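Q:
In the numbering used here, the protein residues as written are 10 to 217.
1. Pick from 37, 124, 101: whose alpha carbon is nearest that of residue 212?
2. Which residue comes first and which comes last in the alpha helix (DSSP H) that contains residue 40?
3. For residue 67, report the span of its beta strand (DSSP E) as first-last.
4. With DSSP as the reference, identify every bridge partner of residue 103, one or two as the case may be.
5. Please confirm if the segment 179-193 is in contact with the segment 45-53, defined as three or more CB-CB distances below 8 Å between the two stretches.
6. Name the residue from 201, 214, 150 whose alpha carbon lies nearest to the alpha carbon of residue 118.
7. Would you kindly work out how many angstroms separate the C-alpha atoms of residue 132 and residue 172, rounded to a whole number?
8. Since residue 184 contacts residue 148 with CB under 8 Å, what's their CB separation in whole angstroms?
9. With a floor of 4 residues, list each alpha helix (DSSP H) that falls wholly inside the segment 86-170, ordered by position along the chain.
10. Is it true that the CB of residue 44 sits closer than 7 Å to the CB of residue 75?
11. How far does the alpha helix (DSSP H) with residue 57 in it extend, from its first residue to its last?
12. What residues match up with residue 205 in a beta bridge as DSSP calls it?
13. Under the assumption that residue 169 contacts residue 208 (Cβ atoms under 8 Å), give the Cβ distance between them as a whole number of angstroms.
14. Could you spell out the range, first to last residue, of the alpha helix (DSSP H) harbouring residue 187?
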């Protein structure tokens, strides 16, 4: 299975601890997201997508501030202004959505990214760039799930719960895009120091 809840808890605690020592606005925002677990950064990106009313993949300062507030990120206005200016490199008054996410995500080594993409390709059976319940049938065995075994959940419910763990906590649509999958594992990756251990965990989890 994806990232274990133990990793999530350890990472959230570590992020909260580092937050009290960090003064860099980008790092502080990253840590506030990671303090929510592996899907924290993905959740913020979903909130910003909702804010992007005109679908132009960019945010002005007002949208940016509202997105932070809606997601419950606590930040002084001056800190938010400094942060926005760091992302708004060309001084145009708006920030590019993809660039923002790219900067915010904790860096993942090439080897880690490759194994994450390998897992995504294996799960995305239809090859349309999105993982759905249909994709999971035959790749992920729901019959070993304790709630399936005791009759509490159907196979589809097990699959749905599984997809929800990659999805944003505030907008679970039962579909996981490549971006969401990578965002999730950037979070997991941040809690694991060793490349070898991370790759082994991924290979075991997804039988790669």
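All C-beta atoms in this analysis are idealised placements derived from N, C-alpha and C, irrespective of residue type, glycine included.
Every value quoted in this text rests on a predicted model; they were computed, and no experiment measured them.
A: On the basis of the data shown:
1. Selected option, being the one with the closest Cα: 124.
2. Note, residue 40: alpha helix (DSSP H), 34-43.
3. For residue 67, the enclosing beta strand (DSSP E) stretches over residues 67-69.
4. DSSP output for residue 103 lists 69 as bridge partner(s).
5. Yes: the two stretches touch, three or more of their Cβ pairs being nearer than 8 Å.
6. That would be 201, whose Cα lies nearest to the Cα of residue 118.
7. C-alpha separation (whole angstroms): 11 Å.
8. Actually they are not in contact, since the Cβ atoms of residue 184 and residue 148 sit about 15 Å apart, beyond 8 Å.
9. You should have 86-96, 106-113, 119-132, 142-145, 155-158.
10. Taking a C-beta distance under 7 Å as the contact criterion, residue 75 and residue 44 do not qualify as a contact pair.
11. Counting along the chain, the alpha helix (DSSP H) containing residue 57 begins and ends at 49-60.
12. Looking at the DSSP assignment, residue 205 forms no beta bridge with any residue, so it has no partner.
13. Between residue 169 and residue 208 the beta-carbon gap is near 28 Å, outside 8 Å, which marks them as no contact.
14. Bounds of the alpha helix (DSSP H) holding residue 187 are 187-199.
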